[in-house]
Amino acid sequence: MPRWKELPDSLDPRVRQLIVQLRRLKDRSGLSLASLQDKTGYSRSSWDRYLNGRKLPPRAAVQELARVCGAEPTPLLVLHEVAESAWQQNVPPGREGPRGQESEEQREPEEQQGPEVRGTAPESAPPPPAGSAPAGLPAPARHGWPRRPIVLAGALLIALVALGAGLVALNSWWGDSTPTATSRTNGAVAGSWAPGQTYSCKVRRVHGRLTAGYSQSDNGEYQESAHGWPVVEAQCLLTARGFSPGGVDGVFGPATESAVKRFQSKHRQDPGPDQPPLAVDGIIGPHTWGVLRK
């Protein structure tokens with residue numbers, strides 16, 4: 116695979132995290148930009164802009180990339196929700212890109228219509244279905260995938276966990292769906308974890324173990340692109356141990372990975388007798404959890 120261009124320095128870290136994960140997904144699939152054009156309906160030039168940080172990919176494009184690469188879309192959509200919020204905060208009125216960049220509308224107006232439509236239109240359009248917009252009014256925009264608030268997705272995931280469906284798969288991405296009873300006494304918000312928020316930390320020792328009350332995870336493995344309450348817990352513990360990840364938001368990004376590596380390097384020999392030293396790999400696994408909670 117050709118080497119990727121460096122992402123713009125002005126790119127918000129939350130947008131950068133999404134683009135990095137999309138690049139990794141494309142690289143693992145072995146698909147070229149031309150192949151993505153054929154398989155998704157988004158043009159080669161659109162994918163070039165999306166994957167080089169010049170334009171935020173639409174939600175439907177993220178879903179299409181996950182589909183053609185055979186990946187679970189939910190984690191990418193969570194990152195997209197966070198990135199979209201950051202992108203809108205950093206874009207002045209009338210511009211499509213980050214500050215200081217030329218408007219996409221001015222440069223490539225043909226790309227503003229979303230996926231290209233292939234085939235020939237029929238000579239006469241069929242009558243509109245029941246419930247469509249009255250004549251003279253613009254019809255609501257249609258996309259391949261409905262846009263739903265991330266809160267709805269979180270509620271659906273909680274229901275699936277409660278029913279026992281897909282528990283193992285969800286655990287690898289989301290970890291605990293809700294904070295524990297202890298977390299409620301510490302001021303944590305009850306319910307599903309949601310992106311775009313920061314959380315306060317109140318770390319204390321309970322039965323000889325440090326806890327912030329967001330998750331009791333000890334055996335789960337978490338690394339870059341993971342998110343949820345266990346990541347909030349880990350970020351709080353890292354902060355309390357003097358290895359700040361830069362913010363407690365439940366998203367395992369580059370800053371959290373760097374904090375984990377610093378912690379592992381400093382406490383490499385701390386797992387205890389008859390235990391191997393910590394691997395300095397930026398991954399929070401059972402051994403790192405054990406030392407974090409000491």
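By the count of my numbering, the sequence shown reaches residue 409 at its end, each step adding exactly one.
Backbone N, C-alpha and C define an ideal beta-carbon position, used for all residues, glycine too.
These numbers were taken from a predicted model, which means no experiment stands behind them.
Residue environment analysis places GLY328 among the buried positions, since at least 16 neighbouring C-beta atoms fall within 10 angstroms of its C-beta.
Contact between the region 140-159 and the region 169-183 is established, with three or more Cβ pairs separated by less than 8 Å. Linking TRP202 to ASP127 through their CA atoms gives a straight-line distance of about 7 Å. Taken through DSSP and simplified to helix, strand or coil, THR326 comes out as strand. Secondary structure of HIS382 (DSSP, three-state): coil.
Contact between GLN178 and TRP162 fails: their C-beta atoms lie close to 14 Å from each other, not under 8 Å. Close CB contacts of ALA176 within its chain, under the 6 Å cut and outside five residues either way in sequence, are with TYR157 (chain order). Within the same chain, Cβ atoms closer than 6 Å to the Cβ of VAL130 are found at ALA198, ALA201 and TRP202, the five residues on either side in sequence being excluded. In the three-state reduction of the DSSP assignment, VAL318 falls in the coil class, being assigned neither a helical nor a strand state.
Membership of LEU137 in the alpha helix (DSSP H) is indicated by the continuous run 128-144. CA-to-CA, the gap between GLN136 and TRP119 works out to about 13 Å. For ASN205, the enclosing alpha helix (DSSP H) covers residues 189-205. Residue environment: HIS195 is assigned as buried (16 or more neighbouring CB atoms within 10 Å of its CB, all protein chains considered).
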